[in-house]
């Protein structure tokens, strides 16, 4: 049976690896176990074990969720040039980008589950089983698009890899409409997640139309920035061929995405600062501190400085094409957007709360450990997925000629 | 050998599975399994304890409330009475009704407000000093006509009933807290921890007891109002600042007040259609005649 062969081949790939691979997976497994132990405490005590309270009712978990939706959506930055514009140099990166989307969406779903007060009732969110408030609640839209995007990417990746495994070309027939669909699907997951926030008139900080385009712009810098670093590691450590040209192309795309992100930031700040209504309070809380509560201030300014420096680096072709400076820019962007979409978006949306109370939220150690575990599990999914994808793409394993067997 | 109960089997399996873990966490694992088993059995009947039936919506009614700020003295009996009436646990702070003390000084852009009886202090409710230079402002669920919380709820656990009450179905709530982000009035409370146990003799059998991980809120005392009584907060207000009634009935007290007296509602710009109306007639202000009733007055005793 060809399927059994394939599974055996893949298991072989997962099991074998360098010492660094084993250490990496061991570290991730350790982090995952620690996080799971902390999660027992959260299940046992309830969400009181976190630092969230009625005033700031969403915290670090939802912040991570929001950031990771962006990372997941970013696969489209590779899909569009390769599939739609037939930009060949990117070819080997696309499937790995999609594997990253799969791991990021899985992490998103894990974060949602972590944040639920009654996680054992998650089945209420399965249409048909529970009463699904669709299309009224944007959260149900998010459930639909996130799971849809996950299914779509799983299907594309599994289909493409099995075709390559069989030694055939995969860009034809059955899969093409799904690839086309994955482009608007990627945009939709981040748009719907932005709508989740911006549709709430009770929270003036979020209730701005620019939130959705800004989500997309920041997603298209953070996700690809992460990918570029991963790709450089992969091409050093595996046989996969990824050209400099492809990397520089993606870096260029990041530059423009960051330009838009900073531009949207300026429009947001201008609107609030110049009109200076009562709705400016959350923005003041974030950027300058409010009534002495200023613990978010250093975070957001570092994020803005990181993003701006990275943008300037990438803007200059000489520095963009220099791998050292490009990598610095990528790291800065990843951290900058992580802060901006996490700390800079979710927390100030709740502070001050709708009746003006200020509760200084910051995640506690338990929340950080649990989140770290989700990241570790996500990275494990990515490592295994990418390892198999590379092995198949480089022909390390395959079933090119069934007659041989 | 005695037969193991289902829970013991699950627990044993949990402990065996956790055998490799550090001892302290083994116990936590066991209690997690317990919590899950507890929760699953609750999932059937929803809340803790016996099943409590909610009366059907009163036909043709649309409930609303008027709060006269000129009469409110900030004593927070409404809040305290509500808490007892609705089995609100000590872990829910503040209870459904918050009372703000507002101070306005000429030249200020905005008035400053303090939430009375700040979080975690509610257990030791203190009688508020009556101050003539302050305005007191009770805020609770406004039972909006077009409630943002019901719009965003993914499982219809919170919904608008026919008589205008924004209800909670604790059995359906998954604890995502999207409604809390959507509510412009800070009216919703989440059970972050297991609710503190209420002594058996103090439990109101007409109101379900909530479990952890679900959101709860003011229900306009649905168990009373749908049986022809008024809400507890109206009943306990020593200065009669509150009036409750049917807004669809032109002869009801609430309808008469809101058509004849100057009133405002909170955040009308959001178009949610709040159903709590505030009166601010300055003529009625300082209640020099008002004599504070000592707090040990048995609010509970008012019920019978």
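Residue numbers (this note's numbering), protein chains in the order written: chain Z, 1 to 405; chain D, 406 to 709. Every residue, glycine too, gets a C-beta built ideally from N, C-alpha and C. Predicted model only: the values in this text are computed from it and were never measured.
Residue 557 of chain D and residue 582 of chain D have their C-alpha atoms spaced approximately 10 Å apart. Taking C-beta atoms under 8 Å as the contact rule, residue 649 of chain D and residue 641 of chain D fail to qualify, at a distance of about 12 Å.
Interface criterion not met: the Cβ of residue 103 of chain Z is under 9 Å from no Cβ in chain D.
Contacts with chain Z at 9 Å (Cβ-Cβ) do not include residue 679 of chain D.
Per DSSP, the unbroken beta strand (DSSP E) holding residue 571 of chain D starts and ends at 571 to 573. For residue 348 of chain Z, the closest of Z:219, Z:318, Z:239 and Z:206 by C-alpha to C-alpha distance is Z:206.
Of all residues in the region 561 to 591 of chain D, the ones placed with a Cβ closer than 7 Å to any Cβ belonging to chain Z are 561, 577, 578, 579, 580, 581, 582, 583, 585, 586, 587, 588, 589, 590 and 591, in chain order. Within chain D, the residues placing a beta-carbon under 9 Å from that of residue 201 of chain Z are 553, 587, 589, 672, 674, 675, 676 and 677, ordered along the chain. DSSP lists D:506 as the beta-bridge partner residues of residue 541 of chain D. For residue 306 of chain Z, the closest alpha carbon among the candidates Z:222, Z:376 and Z:237 is that of Z:222. Taking every protein chain shown into account, the CB of residue 669 of chain D has fewer than 16 other CB atoms within 10 angstroms, so this residue is exposed.
With respect to residue 396 of chain Z, residue 99 of chain Z sits apart: the two C-beta atoms are not nearer than 9 Å. Residue 325 of chain Z: member of the alpha helix (DSSP H) spanning 323 to 341, first to last residue. With respect to chain D, the C-beta atom of residue 119 of chain Z has a partner C-beta closer than 9 Å. Per the coordinates, the alpha-carbon of residue 587 of chain D lies some 46 Å from the alpha-carbon of residue 321 of chain Z. Contacts with chain Z (Cβ-Cβ distance below 9 Å) from the region 594 to 613 of chain D involve 594, 595, 596, 597, 598 and 599, listed in chain order. When Cβ pairs closer than 8 Å are counted between the two stretches, the region 542 to 553 of chain D is seen to touch the region 671 to 686 of chain D, the count reaching three or more. In this structure residue 231 of chain Z is buried. Its beta-carbon is surrounded by 16 or more other beta-carbon atoms within 10 angstroms. Just so you know, the alpha carbons of residue 11 of chain Z and residue 227 of chain Z end up roughly 25 Å apart. Within the region 660 to 684 of chain D, the runs of beta strand (DSSP E) that reach at least 3 residues and sit entirely inside it are, in chain order, 681 to 684.
In this structure, Z:346 is the residue among Z:144, Z:346, Z:134 and Z:49 with its C-alpha nearest to the C-alpha of residue 203 of chain Z.
Residue 599 of chain D is classed as buried because its beta carbon has at least 16 other beta carbons within 10 Å across all chains shown.
Taking one beta carbon from each stretch, the region 475 to 482 of chain D and the region 605 to 621 of chain D have fewer than 3 pairs nearer than 8 Å; the two do not touch. Spatial neighbours of residue 157 of chain Z in its own chain (CB-CB distance under 8 Å, excluding positions within 5 residues in sequence) are listed in chain order as 95, 98, 99, 102, 385 and 389. In the three-state scheme derived from DSSP, where H, G and I count as helix and E and B as strand, residue 87 of chain Z is classed as coil. By the criterion of a C-beta distance shorter than 7 Å, residue 91 of chain Z is surrounded in its chain by 82, once the five residues flanking it on both sides are discounted. For residue 369 of chain Z, none of the residues of chain D pass the 9 Å Cβ criterion, the least Cβ distance being about 13 Å.
Residue 612 of chain D is a Cβ neighbour of residue 490 of chain D, given a cutoff of 9 Å. With respect to chain Z, the C-beta atom of residue 630 of chain D has no partner C-beta closer than 9 Å. Neighbours of residue 619 of chain D in chain Z, taken as residues at a C-beta separation under 8 Å, are given in chain order as 117 and 118. For residue 565 of chain D, the secondary structure class from DSSP, reduced to helix, strand or coil, is strand. Residue 634 of chain D is classed as exposed because its beta carbon has fewer than 16 other beta carbons within 10 Å across all chains shown. Nearest in C-alpha terms to residue 517 of chain D, of all of D:538, D:592 and D:498, is D:538. Residues of the region 266 to 300 of chain Z with a C-beta atom less than 9 Å from some C-beta of chain D are 278, listed in chain order. The Cβ atoms of residue 625 of chain D and residue 468 of chain D sit closer than 9 Å to each other. Beta-bridge pairing by DSSP links residue 519 of chain D to D:506.
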